[in-house]
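Residue numbers (our numbering): 55 to 165. Notes to accompany the following structure.
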Ligand SMILES: [Zn+2]
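This is the structure in structure tokens:
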């Protein structure tokens, strides 16, 4: 289950930002290419956060679609996996521009 490794990285980032402040909730933006399952993510986050300031914090996962741009015609392509060819012109010269994000978007602290 690779979500645990991913969540460990996220918890480390949360600890760096939060310092000693107890965390109520975090929002994480993850590109589809990480193939994260929301339920596994939630569980893995709880495990990774044990004993840290993020223990008992809620984790909200925002999944981002895979985005690519066709170098031949300039079309933007949104998909749930890496596109092999441009659906507009058929060219295979497609550059990935999004979908591999892993961003700690926000942290809410306990009052
Ligand atoms: Zn194209």
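C-beta: ideal position from N, C-alpha, C; glycine also.
heavy atom of ligand 1 below 6 Å from residue i C-beta
i           : result
residue 166 : No answer is possible for residue 166: the residues shown for the chain start at 55 and end at 165.
residue 145 : yes
residue 142 : yes
residue 129 : yes
Residue i and residue j closer than 7 Å at C-beta
i           : j           : result
residue 84  : residue 111 : no
residue 68  : residue 113 : no
residue 152 : residue 121 : yes
residue 82  : residue 64  : yes
residue 72  : residue 107 : yes
Distance between residue j and residue i (C-alpha atoms, nearest Å)
i           : j           : result
residue 124 : residue 60  : 30 Å
residue 109 : residue 57  : 17 Å
residue 136 : residue 155 : 14 Å
residue 86  : residue 115 : 11 Å
residue 97  : residue 130 : 34 Å
residue 159 : residue 134 : 21 Å
residue 93  : residue 128 : 36 Å
residue 162 : residue 146 : 43 Å
residue 105 : residue 157 : 22 Å
residue 74  : residue 165 : 13 Å
Proximity test, residue i beta-carbon vs ligand 3 heavy atom, cut-off 6 Å
i           : result
residue 126 : Among the ligands in the structure shown, ligand 3 does not appear; only ligand 1 can be found there.
Exercise. Would the region 126 to 144 and the region 97 to 110 be scored as touching if the rule is three or more Cβ pairs under 8 Å?
Worked result: no
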